[in-house]
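For the sequence shown, UniProt numbering gives the first residue as 1, with consecutive numbering after it.
Idealized CB from N, CA, C, for every residue including glycine.
These figures come from a predicted structure and were not determined experimentally.
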Amino acid sequence: MCAIVGYVGHRPARDIVVNALRRMEYRGYDSSGVALLDGHGGLTVRRRAGRLANLEMALDETVGDVLAGSTGLGHTRWASHGRPTDRNAHPHRDASGKFAVVHNGIIENFASLRAQLEVAGVEFASDTDSEVAVHLVAQAYRSGATVGDFEGSVLSVLRRLEGHFTLVFAFADEPGTIVAARRSTPLVVGVGDGEMFIGSDVAAFIEYTREAVELGQDQAVVITADEYRIYDFAGNRADGHARPFYIDWDLSAAEKGGYDYFMLKEIAEQPSAVADTLLGHFDDNRIVLDEQRLSDQELREIDKVFVVACGTAYHSGLLAKYAIEHWTRLPVEVELASEFRYRDPVLDRSTLVIAISQSGETADTLEAVRHAKTQKAKVLAICNTNGSQIPREADAVLYTRAGPEIGVASTKTFLAQITASYLVGLALAQARGTKYPDEVAREYRELEAMPDQIERVLVGVDSVSALAKRFALSSAVLFVGRHVGYPVALEGALKLKELAYMHAEGFAAGELKHGPIALIEGDLPVIIVMPSPKSAVTLHAKLLSNIREIQARGAVTIVIAEEGDDTVAPYADHLIEIPAVSTLFQPLLAVIPMQVFAAGVAQARGYDVDKPRNLAKSVTVE
Ligand code: F6R
């Protein structure tokens, strides 16, 4: 949810920290702040509600050389405890102003800790849960077993905290040291030459080093300019349990590359997101999921599949259901991860739970995974973020290789998630023999051809941008589809809601007559996903009747239909054509005009497409 950064080295910490915050602002943008150590016992904090630009202004207004040191912390916030105000922005300090902390996550026992501190006379300067951590460290440093020991004080406090957190501490009297820790939220160390970095993700330091180390669960790290040391919370060295890795994407992948918004760049990157996700997964006429770690025997023993996910990832899960059931004849249930464990789902050793998550950090999905594991189900994660918590806890993982997605709204990762879950479906069909090898190969070949088809859709979407401008002032938009077009309609509506703050609903076309048709009135734009005329004939014919019903009530019909589908033209006030592909693959194309439409409406309304209000890229609270 929030982003944290820490730096110790030889460059001006202010520049490094602010740059890192700019790259990670997508993780939260309610407020931001920095703590900079001048190296002579001084610690200066600047923090501001609102976008990073407000903080930069505050830094520019600061006179003197208090911001000149080479150790610093930074934070951008997605508010959970306490309103997004200056006083609740991080970093927080103790009463002496010598200790500073930035925090991502939630300290669940903060209320009792705060009460204890208040009894001891500590005055709080914010409404956040985070502030308790810095007072506790200051208290531990001044008295008791860890007196005068900064690292020891932090470790002793970590043992008292409940919840999930990444915490990063600095101490003005030890300006060349930063102490950080994580439990269930991300923290990576960037290893430079004479400089060390801490970040919520590698975007914090990709400009300076591609050598990184990922911390394990309940680990702390101490960084100085020349080394990092990893501990468990009991204070034992734990360097062997951390995972060093090389970052194989470069700075340009995290930059806009000439587009006005990351989201627009990411929409354009969809052909390669799909192609890269497929890479290396078909060899010798077989689907190969080598990093998946589930044997063919285990795949054969599965008798039921659950897909758990949230938001856009949930919509990709709905599509996975159509493909997996069709190819394997296994029953598939798709469940919102936030609901899953509260209804006592029937799971056992022969259940496969597929958890889909771009970030690999979503708390709802992580808890669903944990619940599935307590019931002995096998868990396969489909994830875009290497080494994040969900794949770490799953039995197996299939990575989507969409690259970094910075725009808060998921686009290219949606297509990559569909692709990966189709690969899982084909692997299941292959292992279980529900499809002949040549049938599996044929489906794979069509999947492999999708990047070219996506490219063709992208070339033709200018007309959609024009439509977006035209309907930018509408009060609502409805999205309608049938079969695989239905999850696409849901996704189209979600994109418009989150980016354009416009009322939007997705409906199964057959449901309209059971209530929602009452919403239809003159000039209401309705976006309809038309199935291929070559799909089940009745499906196409039924949707045509649905469009007629919509049009008869005065709505404006915007129809996404296959090239050459002449039957639909008379009922489409606006026709958006996409290439003809098999039914299961159509969602990879049909969703693109909807993404472009949502971005276009948001732009026309003057909104920040990459950072919609109230949202953050990864949702680490339940
Ligand atoms: C919408 C969007 C969200 C995410 C959801 C799950 O555009 O991005 O709905 O899909 O928050 O996030 P991940 O995939 O990181 O688990």
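Item, Value
"Rounding to the nearest angstrom, what Cα-Cα distance links M263 and Q595 in this structure?", "9 angstroms"
"I want to check one thing, is the minimum distance from the CB of A409 to the heavy atoms of the ligand F6R below 6 angstroms?", "yes"
"Return yes when the C-beta of V619 is under 6 angstroms from any heavy atom of the ligand F6R, and no when it is not.", "yes"
"Does DSSP put F422 in a helix, in a strand, or in coil?", "Before going further, note that residue 422 is Tyr rather than Phe in the sequence given. Three-state DSSP puts Y422 in a helix."
"Can you determine whether any heavy atom of the ligand F6R sits closer than 6 angstroms to the C-beta of G33, and answer yes or no?", "no"
"I'd like to confirm something about S359: is its beta-carbon nearer than 6 angstroms to some heavy atom of the ligand F6R, or not?", "yes"
"Would the region 203-222 and the region 35-42 be scored as touching if the rule is three or more Cβ pairs under 8 angstroms?", "no"
"Give the C-beta separation of H10 and S70 to the nearest angstrom, bearing in mind that I take them to be a contact with Cβ-Cβ under 8 angstroms.", "6 angstroms"
"Does DSSP put R349 in a helix, a strand or coil?", "coil"
"Please report the distance separating the alpha-carbon of L136 from that of F585.", "55 angstroms"
"Enumerated in chain order, which unbroken segments of the alpha helix (DSSP H) with a length of 4 residues or greater are wholly contained in the region 500-564?", "537-552"
"Among the candidates A68, G74 and G33, whose CA atom is the shortest distance from the CA of N54?", "G33"
"Suppose the cutoff is 6 angstroms on Cβ atoms and the five residues either side in sequence are ignored; what does the same chain contact list for R229 look like?", "V222"
"What is the DSSP secondary structure of H135, reduced to helix, strand or coil?", "helix"
"Give the secondary structure of Y436 by DSSP, where H, G and I count as helix, E and B as strand, and everything else as coil.", "coil"
"Mapping the DSSP letters down to three states, classify P404 as helix, strand or coil.", "coil"
"Would E214 be called buried (16 or more neighbouring beta carbons within 10 Å of its own) or exposed?", "buried"
"Smallest Cα separation from N19: which of G50, L158, G74 and Y29?", "G74"
"Answer with buried or exposed for L37, where buried requires no fewer than 16 other C-beta atoms within 10 angstroms of its C-beta.", "buried"
"With H, G and I counted as helix, E and B as strand and the rest as coil, what does DSSP make of I62?", "In the sequence on display, residue 62 carries Thr and not Ile. Coil, per DSSP."
"Say yes only if the C-beta of A313 is nearer than 6 angstroms to one or more non-hydrogen atoms of the ligand F6R, and no if none qualify.", "yes"
"Quick check: L161 and I107, are their CB atoms within less than 7 angstroms of each other?", "yes"
"By the 10 Å Cβ neighbour count, where 16 or more other Cβ atoms means buried, how is M24 classified, buried or exposed?", "buried"
"Distance check for E563 and A510, CA to CA, integer angstroms please.", "One detail in the question is off: residue 510 reads as Gly in this sequence, not Ala. Their Cα atoms are separated by approximately 24 angstroms."
"Figure out for me which residue from L380, A368, S532 and K265 has the closest Cα to the Cα of L336.", "A368"
"So what does DSSP say about E266, is it helix, strand or coil?", "helix"
"So K321 is in the alpha helix (DSSP H); what residue range does that whole segment cover?", "G311 to T328"
"Looking at the secondary structure, which residues open and close the beta strand (DSSP E) in which A604 lies?", "From DSSP, A604 is part of no beta strand (DSSP E) but of the alpha helix (DSSP H) over P587 to A604."
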